[in-house]
Amino acid sequence: MKDYLLKFPDAWQFDVNDVIDNGIKAFSRNHREFFNIIKKGVVFSIHGIKDFLSFIPWWLFILIIVLIGCRVSRKKHVGILYGAMLFFIGSAGLWDHMLQTLSIIIASVVLSVLLGFPIGILLALKKDAERIVRPILDLMQTMPTFVYLIPAVMLFGVGITPALMATTIYAIVPMIRLTSHGIDQVDKEVLEAATAFGSTTLQTLVKVQIPQALPTIMTGVNQTIMMAMSMVVTCAIIGAEGLGMEILVATNRTEMGKALMPGISIVFIAVILDRITQGLVGDRERMPNE
Amino acid sequence: MSKDVIIKVENLCKLYGKNKAEATELMKRGADKDTVYKKTGVTVALWDVSFEVERGKIFVIIGLSGSGKSTLIRCLNLLTKPTSGKIYFEGEDIQKFSKQQILNYRRNKISMVFQNFGLMSHRNVLNNVAYGLEVKNVPRQLRENKAREMIALVGLDGWEEQAISNLSGGMKQRVGLARALASDPDVLLMDEPFSALDPLVRREMQFELLSIQSKLEKTIIFITHDINEAFKLGDTVAIMRDGKIIQIDTPERMSARPADDYVREFIESADKTQILTAKHVMIRPKCLVKPKDMPSQAIREMGANDVSTAYVVDDKMKFLGVITIDDAILARDKNLPMPSLIKTDVYTCHEDTILSEILSIAAKSKYPLAVLDSQGKLKGIISKAAVLSSL
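These protein sequences, in sequence, are chains A and B. Under the working numbering, the first residue of the first sequence carries the number 1, and numbering increases by one thereafter. Under the working numbering, the first residue of the second sequence carries the number 291, and numbering increases by one thereafter.
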């Protein structure tokens, strides 16, 4: 048997590693100014959020969450449970780390919603755009995160900026998908009614499609938050401070005890954020008025 | 007096598919819809439809599903763009309208009522009714006043702030009707508006529509697959089959001289669908007692429900008879057992009994009729008034 039938021939293998690396490096060098501006903006906003969260005294923070919890669940003990969870995080000495993690999550969720909502609407309204964007979304969700962490680090250096970028790329997908899906599934007859009564395209969108899709869109926001939460440890790898960093450090030293508390804290935050945003979805569905 | 034609449709065709030219050729040579679809993949939804609608009249289009009637009505407000042919509204070709003219036409001249109501679940009744006025930027106070007026007209006053999900089917369609009337249009398009409603509510709505029509004198183009409804409402009835209109006539002339066998069959089917049975008019008995209940309990039950007779059933809902309040009081005072006082000479009927048969029984019966299923279980009761009013 010929050798090239048994083994993939060397002559047919190609190597683009250097080309890509050099390309990105050159790109980053040539646009240094531009990336610096973005970096400054990101750092400024996330620190702003962090400072704001730190400005709230811990007891007031817990109280606010207890009240919101009671309100959306309509059960007193649920709110108190959320409060207890936060109290646990504080007593584990992780309050400041939690705020750091929260500020990255808040920033990336806000960014995801701001970008994902209009993109989702565009996809629902323009079927051509959907054909192009859908495979990109699949790519964003299935491509292992580390693959785009590397260029993000090359462009922005280590720290919260690439962490925000990576989290947003990963977390924006459900926002886009569910916004688009929500608008797609608006009842055809309701749309016909909107048209038949002389609505312009914009009126139909604002007065009918978006409000009708709102429960699904809110589910998208919820999913986005959950996806962002799941990126916390990954982001620590590229130097984002917070609960993830604690876990990463503990993992490197194989200290189970040190990893457990931040791990539980992440679960608690995820539960609280999930239940509160889901509660908001339920509230919307119950409300008959505009 | 010359006819006051508000809508005129000429040679309207609507084809769905790519190869329209070839399909048109085939249709012109007299091929039928199925052959054309097999040969070209084009669906012929409407073919050479022409008719005139007079102002202030109800024009009913009837046909089975797939006959093109929904496509036709959607062409009239351009929800669907016709492939060829002309539509004139008050003499103007609506297909020549600019975008703005189409908006104005839909906002002021023509409105629509939908089969599944097409209501917006995120808005309450008031804001649904006001929708048409809202999109043409009528100030809030004005549009809400108009909406309240329309809600009162369809008999829903007091329900303004309710969510759509809290309404029954009949009420939802009243909202749909109020919404369509709010912009004070000349023409009302109604696409099988009552098909999703149960028979009694449908009759009520037909009556309601006729009484509103007598006040407002709108032009109504009404689609249905129910020939009874068509004949009851229509000043003129057009019958459609496979995208073509077979006959346009008044109900009287259509039943006297059907154009072909298809029309004849359609008209003959009328009497069959008209049949209402016991289960359509029965109501749930308000007060049920069991033989082992104490008389005092039965009295309380009757008192609480404001009735003088209670229906007695066993544990499996099998009907045993009735007990009157007098007998129950007697049982309590004299300490008699309840079962001995149950009256069994109550008229009953099966749930599938036809209404005209019930009439004779109901006339004889002292108490509301008990409606039973095949196992003798109590399904409901029918009062004399219910039978008489539904006929």
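Beta carbons: idealized from backbone N, C-alpha and C, even for Gly. Keep in mind the model is a prediction, meaning the values are calculated, not measured.
Per-residue DSSP class, three states only, for Trp337/B | strand
Give a yes or no on contact between the region 45-65 of chain A and the region 115-134 of chain A, applying the rule of three or more CB pairs nearer than 8 Å.
-> no
Amino acids of chain B, ordered along the chain, whose beta-carbon sits closer than 7 Å to that of Pro211/A | His412
So, is the C-beta of Val208/A closer than 8 Å to a C-beta in chain B?
-> yes
Whole-angstrom distance between Ile348/B and Leu471/B, CA atom to CA atom = 15 Å
Leaving aside the five residues before and after Ser485/B along the sequence, list all residues of the same chain whose C-beta is less than 6 Å from its C-beta, in chain order.
-> Gln405
Under 7 Å Cβ-Cβ, which residues of chain B neighbour Ala196/A?
-> Ordered by position in chain B, the residues that pass the 7 Å Cβ test against Ala196/A are Asn367, Leu369, Arg396, Ser401 and Met402.
By the criterion of Cβ-Cβ separation under 7 Å, what are the contact partners of Ser199/A in chain B?
-> Val425
Helix or strand or just coil, what does DSSP make of Thr563/B?
-> Residue placement at Thr563/B is flagged as unreliable, the pLDDT there being 45, under the threshold of 50; a coordinate-derived value is accordingly withheld.
Where do the N-terminal and C-terminal ends of the alpha helix (DSSP H) with Phe117/A fall, by residue?
-> Trp95 to Leu125
Give the interface partners of Tyr421/B over in chain A, defined as CB-CB distance under 9 Å, in chain order.
-> Ala193, Ala194, Phe197, Ser199, Lys207 and Val208
Per-residue contacts from Asn722/B into chain A (C-beta, under 8 Å) | Outside the shown range of chain B, which is 291 to 681, sits residue 722/B, and nothing can be said about it.
Which of the three DSSP states, helix, strand or coil, is assigned to Ser361/B?
-> With the sequence shown as reference, residue 361/B is identified as Thr, and Ser is not the correct amino acid for it. Here Thr361/B sits in helix by DSSP.
Spatially closest choice to Gly408/B from Ser103/A, Tyr170/A and Ala193/A, by CA coordinates | Ala193/A
Simplified DSSP assignment, three categories, for Ser683/B = Within the shown structure, residues of chain B are numbered from 291 to 681, placing residue 683/B beyond reach of any answer.
Taking Cβ-Cβ distances shorter than 7 Å, what residues in chain A pair up with Gly408/B?
-> Glu189, Val190, Glu192 and Ala193
Any residues in the region 130-142 of chain A with a beta carbon nearer than 9 Å to a beta carbon of chain B? Which ones, in chain order?
-> none
Could you spell out where the beta strand (DSSP E) holding Ile573/B opens and where it closes?
-> Neither: Ile573/B is in no beta strand (DSSP E) and is coded neither H nor E.
Simplified DSSP state of Val233/A, which is helix, strand or coil = helix
Is the beta carbon of Lys328/B within less than 7 Å of some heavy atom of the ligand PLP?
-> This structure simply doesn't include the ligand PLP, nor any ligand for that matter.
Flag Leu393/B as yes if its beta-carbon sits less than 8 Å from any beta-carbon of chain A, otherwise no.
-> With its beta carbon less than 8 Å from one in chain A, Leu393/B belongs to the interface.
Delimiting residues of the alpha helix (DSSP H) encompassing Asp18/A | From DSSP, the alpha helix (DSSP H) with Asp18/A extends over Asn17 to Asn30.
Within chain B, partners of Gln185/A - CB distance below 7 Å = Ordered by position in chain B, no residue passes the 7 Å Cβ test against Gln185/A, which lies about 13 Å from the chain.
Where Glu451/B falls, given that 16 or more other Cβ within 10 Å makes a residue buried = exposed
Status (buried if at least 16 other CB within 10 Å, exposed otherwise) for Lys436/B = By the 10 Å Cβ count, Lys436/B comes out buried.
Return no unless some Cβ of chain B is closer than 8 Å to the Cβ of Gln203/A.
-> yes
Is Lys399/B near Asp476/B, with beta carbons less than 8 Å apart?
-> yes
Taking only the alpha-carbon atoms, compute the straight-line gap between Met175/A and Asn22/A and give it to the nearest angstrom.
-> 34 Å
Exposure of Asn252/A, with buried meaning 16 or more beta-carbon neighbours within 10 Å | So Asn252/A ends up on the exposed side.
To the nearest angstrom, report how far apart Val612/B and Ser559/B are at their CA atoms.
-> 40 Å
Pull up the CB-CB distance for Asp274/A and Asn222/A, whole angstroms please, since I reckon it's below 8 Å.
-> 6 Å
Over the uninterrupted beta strand (DSSP E) stretch that includes Leu479/B, give me the two end residues.
-> Val477 to Asp481
Ranges of the beta strand (DSSP E) found wholly within the region 469-513 of chain B, counting only runs of at least 3 | Contiguous beta strand (DSSP E) elements confined to the region 469-513 of chain B occur at 477-481, taking only those with 3 or more residues.
Just the Cα atoms here: how many angstroms apart are Lys389/B and Arg396/B?
-> 11 Å
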